[in-house]
Amino acid sequence: MATPRKQYAVSRPLYSEDAFSQDHHKIDRRRKTPRDHVKDYLTCDSKRAQRALLSLLPVVGWMRLYRLREWLLGDVVSGVSTGLVAIMQGLAFSLMASLPASYGLYTAFFPMLIYFFLGTSRHISVGSFPVLSLMVGDVVTRLVPLNGPPANITGFQGLSPDQQRVLVASSVTFLMGLFQLAMGVLQMGFIVVYLSDTLVSGFTTAAAVHILVSQLKFVLGLVVPGFSGPLSIIYTLEKIFVQITDTNICDLVTSIIIMVVVFIVKEISDRYKSKLPVPIPIEVIVTVIACGVSYGFNFQDTYGVDVVGEMVSGYEAPIAPNMDVFRESATEAFPIAIVGFAVAFSVAKVYSIKHGYAIDGNQELIAFGVSNIFGATFRSFAASTALSRTAIQESSGGKTQVAGLISAMMAMIVTVALAFLLEPLPTSVLGALVIVNLKGMLMQVGQVPFLWRRDRPDCVVWVVTCLAAILLGLDLGLAVGLGIELITVVFRTQFPRCSVLANIVGTDLYRDQKDYACTHEPTGLKIFRIPSPIFFANVEFFREKLIEAVGFNPLRVLRKRNKALRKIKKLLKRKEMPVTENGDVHLFYQQPSKESEDETDVEDLDLDLPADFQDLPVHIDWSAELPAGISVPRVELHSLVLDFAAVSFLDMSAIVGLRTILKEFVRLHVDVYIVSCDAYVLEKLRGCVFFDAEIPTSMFFPTLHDAVLHALGHREDAGGPIHVVSNTKL
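Under numbering that gives the first Met the number 0, the residues of the sequence shown are numbered 0 to 729, in order.
So this is what it looks like as structure tokens:
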């Protein structure tokens with residue numbers, strides 16, 4: 000049974016924009032000048048200073064609201080759980096960055112200390128992220144290759160290869176932090192809006208493929224040189240398959256067992272997560288077991304298994320970044336900064352919405368920028384967040400970044416006192432843990448069929464970004480993906496889906512006539528809608544679609560009429576065209592005679608100007624049957640309504656083009672009306688001297704129904720047939 004709907008009736012005058020402005024006076028608002036904005040920006044008082052302090056140090060705001068009894072226990076449990084996972088991921092992701100494993104523990108500690116004070120998210124776990132680790136690893140491999148001499152960099156003298164790699168990674172991270180800090184200070188947090196979910200999904204899927212390939216050498220126990228740049232993944236796979244017969248069986252079996260066990264336990268944890276107080280720390284469990292088994296059976300000497308080896312105990316003195324590395328890695332550091340911020344902000348936004356608090360994109364840039372700068376001075380590499388760690392921190396009871404601080408303390412304890420226990424850990428175990436945690440990113444491939452069915456331009460962005468990032472490398476792939484995304488935006492605005500509207504019978508509503516059966520389009524009236532801004536790139540498309548909608552080219556018809564008028568003037572001059580006494584002969588009706596009638600130069604006629612009848616003794620009816628030899632297209636249209644409800648702006652090219660199009664119709668005696676025009680667009684048209692005698696302000700109407708009723712009423716007043724739209728009441 001259909002739900003009864005409420006009825007409403009509104010009785011008001013029929014308004015044009017001019018009539019509306021007469022009845023309803025618009026308030027004159029004073030707009031701020033650039034000087035006013037600068038003055039407001041530089042003005043400071045106690046409240047603004049307090050807001051600035053809270054903005055710069057968000058910890059002050061949420062610590063004042065901290066509920067010690069309710070939140071502390073959850074934060075402690077969450078911090079311990081997250082810390083154990085962060086330690087394992089730090090070790091694994093450090094190998095991805097082509098660094099000794101112990102430096103992953105630095106990344107789990109130093110950046111978190113700064114983010115605790117400066118970050119606005121209360122739930123994300125700051126530390127290593129596989130995509131960033133891989134991107135940093137590409138730079139490290141390029142400047143300090145596994146086989147071959149390092150790049151010619153001044154600061155490399157006297158350093159071992161591992162120390163050179165650490166210097167490169169920390170310098171790249173320092174530069175990455177500088178980029179993030181600069182964007183935060185310049186209030187460029189909005190930049191993340193240019194990285195759509197589709198682009199990020201395709202990019203991270205490609206990164207997962209790169210990560211998978213990079214870990215195969217650890218899983219198979221092979222020595223594979225690092226490659227960077229376009230097609231590096233192809234070269235890496237080639238080297239792996241060439242050496243596939245040299246696979247270390249112990250590494251392979253260990254990796255398979257680890258992956259199967261971790262996968263099964265994770266699936267069980269996901270299925271019963273509502274019943275488990277904290278997720279099962281399976282990574283920590285298998286790591287401890289693997290360390291014990293490797294040490295007990297001496298995997299390194301007995302089976303030739305690569306192990307983590309000597310761990311750096313404690314913390315080293317801070318170092319300065321290398322300027323030569325800055326110059327060599329600037330093009331890679333910027334996309335690393337963008338990706339790191341985009342991923343962290345996206346994850347932070349999910350949890351801020353879930354828990355009902357606000358995050359500030361600009362402050363997040365500052366927080367991550369300072370965190371990476373600070374961490375880089377202590378030899379950590381690029382830090383962001385990881386969805387898996389953040390999910391553990393939130394699901395295990397974490398309420399604030401106190402949990403993150405405790406997880407950092409866990410990494411510090413391991414670094415200072417327990418690092419030696421991880422020395423017998425096989426690197427194949429870390430590779431297996433990385434691969435098994437790629438499931439979420441690799442499963443994003445399932446979005447492609449859905450996107451293809453729902454939004455093909457988005458599907459193109461996903462596929463192109465993914466393929467480009469796989470084949471060209473993550474930095475170039477991100478640039479290609481961003482370019483394709485911007486092209487799709489331009490394509491959508493340059494070629495919008497224009498439509499012809501018709502009245503829904505019995506209402507004052509208008510919809511696309513192709514979508515509804517019960518519609519009525521009054522004879523001689525056309526309603527055209529363009530659902531996008533009009534600017535230099537699509538103004539010609541707008542013209543073409545409008546001509547297609549009305550069924551004729553107004554400029555061509557105007558030229559035909561003027562050519563016909565030239566012939567008619569010649570016939571009249573030679574008195575070869577008879578005119579009746581009353582002048583009412585379908586084609587002509589008699590006008591008052593003028594003394595200058597016979598003095599017209601019939602050759603001087605601008606075909607693009609409206610027909611001039613002042614020097615003729617007759618008026619021409621172009622809709623009547625014309626004499627032999629004179630052919631002019633018949634125009635049945637008397638009114639054209641343009642729906643500008645979705646036109647958010649016009650540039651100068653569009654204003655000139657729109658003015659030309661409207662004049663072409665007006666010169667054919669077609670009444671043109673523009674409806675629902677934004678107030679600022681209308682103000683810009685006035686400022687650009689858009690209006691004149693042919694295009695008056697009276698053609699603008701506030702609603703579509705107002706314009707249609709006015710057009711039909713105007714037609715009736717002019718003596719033409721009237722076609723009722725509906726019996727609706729305004």
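Think of the CB as a built atom: it goes at the ideal place given N, C-alpha and C, for glycine as much as any other residue.
Is DSSP giving residue i helix, strand or coil here?
{"i": "K525", "result": "strand"}
{"i": "V499", "result": "strand"}
{"i": "T702", "result": "coil"}
{"i": "Y672", "result": "strand"}
{"i": "L649", "result": "strand"}
{"i": "L98", "result": "coil"}
{"i": "V640", "result": "strand"}
{"i": "Q156", "result": "coil"}
{"i": "P317", "result": "coil"}
{"i": "G712", "result": "helix"}
{"i": "S273", "result": "coil"}
{"i": "S697", "result": "helix"}
{"i": "R4", "result": "coil"}
{"i": "Y65", "result": "coil"}
{"i": "W621", "result": "coil"}
{"i": "M134", "result": "helix"}
{"i": "Q179", "result": "helix"}
{"i": "I566", "result": "Here residue 566 turns out to be Lys, not Ile, going by the sequence shown. Helix at K566."}
{"i": "M187", "result": "coil"}
{"i": "I243", "result": "helix"}
{"i": "R663", "result": "One point to set straight first is that residue 663 is Glu, not Arg, in the sequence displayed. Correct three-state label for E663: helix."}
How about residue i and residue j: do their beta carbons lie closer than 8 Å?
{"i": "V75", "j": "I412", "result": "no"}
{"i": "V171", "j": "V143", "result": "no"}
{"i": "T253", "j": "P425", "result": "yes"}
{"i": "G308", "j": "E422", "result": "yes"}
{"i": "V674", "j": "F648", "result": "no"}
{"i": "V79", "j": "M409", "result": "yes"}
{"i": "I694", "j": "L661", "result": "yes"}
{"i": "F527", "j": "D677", "result": "no"}
{"i": "G89", "j": "T106", "result": "yes"}
{"i": "N247", "j": "G225", "result": "no"}
{"i": "I190", "j": "V369", "result": "no"}
{"i": "V428", "j": "I257", "result": "yes"}
{"i": "C497", "j": "I546", "result": "no"}
{"i": "V165", "j": "L94", "result": "no"}
{"i": "Q640", "j": "Y672", "result": "The sequence given here has Val at residue 640, not Gln. Yes; because the gap between Cβ atoms is below 8 Å, this pair is in contact."}
{"i": "R121", "j": "T399", "result": "yes"}
Who are residue i's beta bridge partners in DSSP?
{"i": "H519", "result": "N502"}
{"i": "P425", "result": "V306"}
{"i": "R510", "result": "A501"}
{"i": "I233", "result": "DSSP, once it has assigned bridges, lists no residue as partnering I233."}
{"i": "V125", "result": "T384"}
{"i": "I533", "result": "L649"}
Starting from the C-beta of residue i, find all residues in its chain whose C-beta is less than 6 Å away, skip the five residues before and the five after it, and write them out in chain order.
{"i": "V58", "result": "F116"}
{"i": "L554", "result": "E663"}
{"i": "L194", "result": "A341"}
{"i": "C249", "result": "Y302 and V304"}
{"i": "I281", "result": "V261 and V264"}
{"i": "G430", "result": "Q214, F217 and V218"}
{"i": "D474", "result": "E331 and P334"}
{"i": "M182", "result": "L364"}
{"i": "V277", "result": "S80 and S395"}
{"i": "S293", "result": "P423 and P425"}
Within a Cβ cutoff of 8 Å, which residues of the same chain sit near residue i, ignoring the five residues on either side of it in sequence?
{"i": "A418", "result": "S101, L104, M310, V311 and S312"}
{"i": "W730", "result": "A question about residue 730 goes unanswered here, because the residues of the chain that appear run from 0 up to 729."}
{"i": "Y7", "result": "none"}
{"i": "P591", "result": "For P591, the pLDDT reaches just 41, beneath the cut-off of 50, and the residue's location in the model is therefore unreliable, although a value from the coordinates is still provided. Excluding positions up to five away in sequence, the list is empty."}
{"i": "F92", "result": "G103, T106, S127, F128, P129, S132 and V433"}
{"i": "L55", "result": "L117, Q362 and I365"}
Going by beta carbon distance, what residues of the same chain come within less than 7 Å of residue i, once the five residues before and after it are set aside?
{"i": "V447", "result": "C458, W461 and V462"}
{"i": "P317", "result": "T376 and F377"}
{"i": "M87", "result": "E282, V283, T286 and L432"}
**Study point:** Every unbroken alpha helix (DSSP H) within the stretch 324-388, with a cutoff of 4 residues, ordered by chain
**Key:** 360-376
Point to revise | Completely contained alpha helix (DSSP H) runs for the stretch 7-39, where each covers 4 or more residues | key: 16-22
Review point. Along the chain, which unbroken stretches of the alpha helix (DSSP H) at least 4 residues long are found entirely within the stretch 420-470?
Key: 426-435, 438-441 and 446-453
Check your understanding: Going along the chain, which unbroken runs of the alpha helix (DSSP H) with 4 or more residues stay wholly within the stretch 72-117?
Key -> Segments of the alpha helix (DSSP H) lying fully in the stretch 72-117: 102-106 and 109-117.
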